[in-house]
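Using the numbering used here, you'd call the opening residue of the sequence shown number 1253 and step up by one each time. Reading through the structure tokens given below for one structure.
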Amino acid sequence: MEIATIILSSISLLVVIGLLFVIVKRKPQPVETKVDLKEIGALQKQIEFLSTQIKGDIELAVVKEMAKLADQSIKNSELNNEKLERFQKAIADSLNTRFDALNKQMEDKIAIINQKVDEKLSEGFKSTNESMAQVRERLQAIDAAQKNIENLSKDVVSLKQVLEGNQTRGQYGEYQLSMVLHNVFGDTEGCYQEQYTLKKVKDGDDVRADAVVFMPEPNKMICIDSKFPFSDYAKMFDAQSEEEKAGLTKEFSNAVKKHITTIKDKYIVEGKTAPEALMFIPNDGVFAFIHHNCRDVIDYAREKKVILTSPSTMPAILVTINMVKIQVERAKNVEEINRQLKRLSKDFEMFAREWDKFSDDLEKTTRSREKLDTRVNKINTKFDAIRGNDKLTELEEVESETYAELTGEENEIKQ
């Protein structure tokens, strides 16, 4: 508005000067005629007044326009700073939100995995403690049973009177075996079975073991057969000479070997039983005599994979078998823990991929922020240059360039 007024005032001044010039030209005065100095002086004063007024208006308008330009520049700078602050705040809020969500997701997954691992470990420890408690109880029961068995084996002469018949000896051996099994396993079902039929025969002479102890795969079961070669054993004590005793000892060894062969042929079945079988000798005296005086019997039994046992040694063997079963069950829990750890590994792999992606996004954001900082510094430099320059066209070019650069940066960050 002020510029338009200045232009009109300038035009008016030029018009007045033009009219004055025309008037002077149109009044040719003779040399002797005096020019109307009063009129010319008035016009000159008017011209000077208009010139002074126009100059003042121009200076005033320039001052006002420069003030407006300065105010507009400050407002634009504040507006750009405000936009930049909002943009930076939005980016920071978005990054914080994503990082918090990712962190919470990671913590939740780790908490779930830790809980599962703790549960499995607690179950494993509980099972182990229970198993050890059962073993201690069984050992205590074995100690008590062994004392009773020792009392029963003290009087060999009385035992000879009672066990003169083969059938009676067989029943006694089966009873002793049943007592040992019950003392070790208790009433637990599925651990063992007495009088287990391995094979049915048409004529009724079935292959039946005195007892079997069930084993984990692939052994399935181990057979136990009670053999009491007491008659051959007792004959040795009636010998009158060393030669006769040696002959009776050999007969006793052959009788025991025959029992071993029978057990090997009947109770070791490939694919159905364990590759070994147990021969239960229900008298510790007979068992000790074999080990001290009949080494050929021990070697033969080892060759045929028949393990000789007695009331004193059978509980230890059964406890060992039971511990093997417990270890197998515990191994199943270990396999489950390994499966859970594999799942945990997969979850960590997913987390690593998400973390890499987040790191890439954060790196891009950092680069964009650095570019923005550089651009802001350039803008501030240009604003400083504008404040010291009074050319309107340069101001417009700077504003246009600044707007284009800001728009380009925003598009780059969005991408």
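We put the beta carbon where it would ideally sit given N, CA and C, even for glycine.
Range of the contiguous beta strand (DSSP E) that encloses residue i
i: Ala1491; result: Where Ala1491 is concerned, there is no enclosing beta strand (DSSP E), given that its DSSP letter is neither H nor E.
i: Ser1478; result: 1473-1478
Spatially closest choice to residue i from the options, by CA coordinates
i: Thr1525; options: Ser1383, Phe1466, Phe1339; result: Phe1466
i: Asp1551; options: Val1580, Met1566, Ala1568, Val1508; result: Val1508
i: Asp1462; options: Met1575, Lys1479, Arg1595; result: Lys1479
i: Asp1358; options: Glu1601, Met1566, Val1521; result: Sequence inspection shows Met at residue 1358; the Asp mentioned does not correspond to that position. It is Glu1601.
i: Ala1568; options: Arg1627, Lys1609, Arg1582, Val1387; result: Val1387
i: Gly1529; options: Ile1476, Lys1577, Asn1506; result: It is worth fixing the name first, because residue 1529 is Ala in this sequence and not Gly. When each option's Cα is compared against that of Ala1529, the closest is Ile1476.
i: Gly1537; options: Ala1486, Arg1547, Val1576; result: Ala1486
i: Phe1482; options: Glu1503, Glu1494, Gln1592; result: Glu1503
i: Lys1594; options: Phe1351, Ile1365, Leu1336, Lys1378; result: Ile1365
i: Val1459; options: Ile1343, Thr1304, Asp1517; result: Asp1517
i: Asn1400; options: Ser1564, Glu1615, Ala1637; result: Ser1564
i: Thr1449; options: Phe1539, Val1521, His1544; result: Val1521
i: Lys1368; options: Glu1588, Lys1634, Val1628; result: Glu1588
i: Arg1582; options: Asn1328, Thr1380, Ala1353; result: Thr1380
i: Arg1390; options: Ala1637, Gly1438, Lys1623; result: Gly1438
i: Ala1393; options: Ser1374, Tyr1427, Met1431; result: Met1431
i: Ile1628; options: Phe1541, Glu1317, Asp1323, Glu1330; result: The question names Ile, but residue 1628 is Val in the sequence shown. Answer by Cα proximity: Glu1330.
i: Glu1606; options: Lys1356, Leu1336, Ala1344; result: Lys1356
i: Pro1468; options: Glu1495, Met1575, Asp1370; result: Met1575
i: Leu1570; options: Lys1609, Leu1433, Glu1402; result: Leu1433
Start-to-end residues for the alpha helix (DSSP H) that takes in residue i
i: Ser1446; result: Before going on, a small fix: residue 1446 reads as Glu here, not Ser. First-last for Glu1446: 1444-1451, but that is the beta strand (DSSP E), not the alpha helix (DSSP H).
i: Asp1484; result: 1482-1487
i: Ala1540; result: 1536-1545
Span separating the alpha-carbon of residue i from that of residue j
i: Ile1559; j: Lys1372; result: 38 Å
i: Lys1630; j: Leu1321; result: 20 Å
i: Lys1290; j: Ile1310; result: 30 Å
i: Tyr1519; j: Arg1421; result: 21 Å
i: Thr1501; j: Met1488; result: 6 Å
i: Met1473; j: Val1464; result: 6 Å
i: Gly1425; j: Met1384; result: 30 Å
i: Met1531; j: Asn1590; result: 40 Å
i: Ala1294; j: Phe1301; result: 10 Å
i: Lys1577; j: Thr1561; result: 20 Å
i: Lys1451; j: Asp1457; result: 9 Å
i: Val1580; j: Thr1514; result: 31 Å
i: Gly1499; j: Ile1533; result: 22 Å
i: Asn1435; j: Val1586; result: 30 Å
i: Lys1584; j: Ile1573; result: 17 Å
i: Thr1617; j: Ser1597; result: 30 Å
i: Ala1491; j: Lys1497; result: 5 Å
i: Phe1377; j: Pro1470; result: 26 Å
i: Lys1341; j: Leu1347; result: 10 Å
i: Lys1361; j: Arg1619; result: 32 Å
i: His1543; j: Met1566; result: 15 Å
i: Leu1429; j: Val1549; result: 22 Å
i: Lys1307; j: Asp1636; result: 29 Å
i: Ser1611; j: Ala1319; result: 48 Å
i: Leu1614; j: Lys1623; result: 14 Å
i: Asp1484; j: Cys1546; result: 13 Å
i: Asn1535; j: Glu1495; result: 26 Å
i: Ser1325; j: Asn1632; result: 11 Å
i: Asp1395; j: Glu1375; result: 30 Å
i: Glu1402; j: Gln1423; result: 19 Å
i: Asp1608; j: Val1315; result: 58 Å
Which of helix, strand or coil DSSP assigns to residue i
i: Asp1462; result: strand
i: Met1531; result: strand
i: Val1558; result: strand
i: Val1521; result: coil
i: Glu1441; result: coil
i: Glu1588; result: helix
i: Glu1426; result: helix
i: Gln1281; result: Only weak support exists for where Gln1281 lies, its pLDDT of 48 falling under 50; the value from the coordinates is given anyway. In the structure shown, Gln1281 sits in coil (DSSP, three-state: anything other than H, G, I, E or B).
i: Met1431; result: helix
i: Lys1666; result: Note that Lys1666 scores 49 on pLDDT, short of 50, meaning its location in the model is unreliable and no value can be drawn from it.
i: Met1575; result: helix
i: Asp1457; result: coil
i: Pro1563; result: coil
i: Glu1469; result: coil
i: Asp1625; result: helix
i: Ala1526; result: coil
i: Lys1286; result: Its pLDDT being 47, under 50, Lys1286 is placed unreliably in this model, and the value from its coordinates should be taken loosely. Lys1286 falls in the coil class under three-state DSSP.
Near the ligand SAM: residue i beta-carbon under 8 Å from a heavy atom
i: Gln1324; result: This structure simply doesn't include the ligand SAM, nor any ligand for that matter.
> Contact between the segment 1543-1556 and the segment 1437-1452: three or more CB pairs below 8 Å?
Replying inline: no
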